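A.B. asks:
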Amino acid sequence: MTLILSIDPKPTFNQCWVSRSVTKGLLVHLGCDVTTVSSADDCLRVVSQEHNVVFLDVCMPGVDGYEVAIRIHEKFTTCRQGPLLVALMGNTDRVTKENYLRVGINGVVLKPVSVDKMRCVLSEVLEHRFLFETC
19 MTLILSIDPK PTFNQCWVSR SVTKGLLVHL GCDVTTVSSA DDCLRVVSQE
69 HNVVFLDVCM PGVDGYEVAI RIHEKFTTCR QGPLLVALMG NTDRVTKENY
119 LRVGINGVVL KPVSVDKMRC VLSEVLEHRF LFETC
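All the letters of the sequence shown, read from the start, carry residue numbers 19 to 153 under the numbering used here.
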């Protein structure tokens with residue numbers, strides 16, 4: 019079973035809560051064991067070598083997804099391989115992709131998420147460790 023850590027900001031309004039519920043529900047539907055945290059600090063505290071993938075929202079209050087990606091990579095040395103990182107976001111362009119590469123994000127799921135998008139991205143990053151073309 020694929021062990022997933024999903025970071026989604028604390029719900030401050032209903033849409034954020036729906037986003038978190040949908041993301042977790044889709045991953046569970048795909049057979050993943052999902053832990054959801056609501057802040058960058060929580061993510062950095064609980065992320066471990068056992069997590070296969072971390073899904074993170076790039077636009078979070080406080081510490082953004084880019085900084086979380088950098089800190090996760092700092093936490094894991096070459097002798098301890100860290101989890102793959104997948105960004106959840108509304109849109110992407112060439113500059114954004116370059117920024118993802120720079121901080122070590124392995125793939126992107128464009129919102130709104132769907133079971134087909136999640137299945138495709140999970141399959142690709144787990145098999146090839148890298149995906150930047152959206153499914």
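A virtual CB, placed ideally from N, CA and C, is assigned to each residue, including glycine. What you are looking at is a predicted structure, and each value in this text was computed from that prediction instead of being measured.
Taking only runs that begin and end inside the stretch 67-101, name each unbroken beta strand (DSSP E) of 3 or more residues, in chain order.
C.D. replies: Within the stretch 67-101, the complete beta strand (DSSP E) runs of at least 3 residues are 71-75.
A.B. asks: Measuring only the C-alpha atoms, how far is H146 from V139?
C.D. replies: Taking the straight line joining both Cα atoms gives about 10 Å.
A.B. asks: Using only the alpha-carbon positions, how far apart do V76 and V127 sit?
C.D. replies: V76 and V127: Cα-Cα distance of roughly 11 Å.
A.B. asks: Closest Cβ-Cβ distance between L144 and chain D: below 8 Å?
C.D. replies: Here chain D cannot be found, since the structure has a single protein chain.
A.B. asks: Which term fits V36, buried or exposed, when burial requires 16 or more other beta carbons within 10 angstroms of its beta carbon?
C.D. replies: Legend: pLDDT at V36 = 44, less than 50; position of this residue unreliable, no value from coordinates given.
A.B. asks: How is V139 classed by DSSP in three states: helix, strand or coil?
C.D. replies: Correct three-state label for V139: helix.
A.B. asks: If we count the other Cβ atoms within 10 Å of its Cβ and call it buried at 16 or more, is L119 buried or exposed?
C.D. replies: Looking at its Cβ environment, which holds fewer than 16 other Cβ atoms inside 10 Å, L119 is exposed.
A.B. asks: Who are the Cβ neighbours of V64 in its own chain at under 8 Å, not counting the five residues just before and after it?
C.D. replies: Excluding residues within five positions, the ones whose Cβ falls inside 8 Å are L23, T53 and V55.
A.B. asks: What's the call for V133, buried or exposed, on a 16-neighbour Cβ count within 10 Å?
C.D. replies: Exposed, because fewer than 16 other Cβ atoms sit within 10 Å of the Cβ of V133.
A.B. asks: Tell whether a beta-carbon distance below 8 Å holds between M136 and L48.
C.D. replies: Cβ atoms of M136 and L48: closer than 8 Å.
A.B. asks: Under the assumption that V81 contacts L103 (Cβ atoms under 8 Å), give the Cβ distance between them as a whole number of angstroms.
C.D. replies: Not quite, the Cβ-Cβ distance comes to about 14 Å (not below 8 Å), so this is no contact.
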